[in-house]
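Going down the list, the sequences are from chains G and S.
In this text, residue positions in the first sequence follow this note's numbering: the first is 1, and each later residue adds one.
In this text, residue positions in the second sequence follow this note's numbering: the first is 172, and each later residue adds one.
C-beta atoms are modelled at their ideal positions from N, C-alpha and C, and glycine is treated no differently.
All figures in this text were calculated on a predicted structure; none of them were measured in a lab.
Okay, structure first, notes after.
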Amino acid sequence: METNDDGYPKGRKYKNGEITVYWKPGACVHASYCYRELIEVFDPGRRPWVDMSGSTTDRIIDVVNMCPTEALTWKWNDDEKNKDISVDQTNHVIFRRPELLKPEESNEEIRPVSVKVMPDGPIVMKGDFTFQYNGIKKKVKEGILSICRCGASKQMPFCDGAHRKIGYEDK
Amino acid sequence: MNDMETENKENTLPIVEIVEGGPLKITGKIIYRDLKRDTSGTPAELKICLCGRTQNGPFCDDSHDDAK
């Protein structure tokens, strides 16, 4: 993860009394967990789009941990509390468990690729896999791939978040 | 020996493929979840509709052929 001098992730910061949420727009794959789970805090139609007063710290942590990328991460404001957890452990818990949490076993056997159909959104692959597209063959290692299902992306075949703008409904 | 092992491993990596004019095809070891329909599974192959014509979403039912 790219960090500032203080070791914190680059990008925008949003604070409440207990935690700081970091937002790194370039890493977002539009999996849409944040605003589907907690629109009171994460509202893409609002500026600023993160309102830390919209919910409890516990709930915000839960939803930030659902983010499959490093687009949303969080840390305790009290650095003492951060000593028990590394940056890696503060996020990605849901997507990495349990099959993706054990990199030490990666030499033993092939880990399954996680395939998630997001509600009214893209299809998201996570893990190790070979990606074939338009004659290109690429080996992806611990990667994330978000493919458009709504047809409105301007970066085909990749999701660019357009499903939200057009109100795509998965039937 | 090591080269061969590496190659074997590559060969068994799951494959995610966008079929031209067709679905997203995934083969290999898969853990699948559909968060809207609340279904999940570990199929050996998955074909996900990308054209929007399927009557069996999110899966491909070859309806993309109708447009040809």
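Candidates the options, of which the one nearest residue i by Cα
i, options, result
"G161/G", "G11/G, E18/G and A27/G", "A27/G"
"C231/S", "G192/S, P185/S and I186/S", "G192/S"
"I60/G", "Y168/G, V41/G, T69/G and M118/G", "V41/G"
"W74/G", "V113/G, V29/G, N16/G and D128/G", "N16/G"
"P44/G", "P25/G, T57/G and D62/G", "P25/G"
"C67/G", "V50/G, C34/G, P48/G and S55/G", "C34/G"
"N77/G", "D170/G, Y22/G and R36/G", "Y22/G"
Alpha-carbon to alpha-carbon, residue j and residue i
i, j, result
"K139/G", "T198/S", "14 Å"
"Q132/G", "V115/G", "16 Å"
"T130/G", "K137/G", "7 Å"
"Y168/G", "G212/S", "25 Å"
"E188/S", "S153/G", "18 Å"
"R111/G", "E37/G", "28 Å"
"D205/S", "R224/S", "18 Å"
"L184/S", "I144/G", "15 Å"
"V190/S", "N134/G", "8 Å"
"Q226/S", "D170/G", "11 Å"
Residue i at chain S interface by Cβ criterion, 8 Å
i, result
"T130/G", "yes"
"M66/G", "no"
"V29/G", "no"
"Y133/G", "yes"
"D58/G", "no"
Status (buried if at least 16 other CB within 10 Å, exposed otherwise) for residue i
i, result
"N65/G", "buried"
"D233/S", "exposed"
"K218/S", "buried"
"W149/G", "It should be noted that the sequence gives Arg, not Trp, for residue 149/G. With 16 or more Cβ atoms within 10 Å of its Cβ, R149/G is classed as buried."
"S53/G", "exposed"
Below-8 Å beta-carbon distance, residue i vs any chain G residue
i, result
"E216/S", "no"
"P194/S", "no"
- [ ] Taking a Cβ distance cut-off of 8 Å, strictly less, list which residues of the region 142-168 of chain G are near chain S, in chain order.
- [x] Cβ proximity to chain S below 8 Å picks out L145, I147, C148, R149, C150, G151 and P157 from the region 142-168 of chain G.
Task: Residues of the region 38-52 of chain G whose Cβ lies closer than 9 Å to any Cβ of chain S, in chain order - done: Those would be none; no residue qualifies.
- [ ] Report the residues of the region 115-130 of chain G with a CB closer than 8 Å to any CB of chain S, ordered along the chain.
- [x] Taking 8 Å as the Cβ-Cβ cut-off, the region 115-130 of chain G approaches chain S at V115, K116, V117, M118, P119, D120, I123, M125, G127, D128, F129 and T130, given in chain order.
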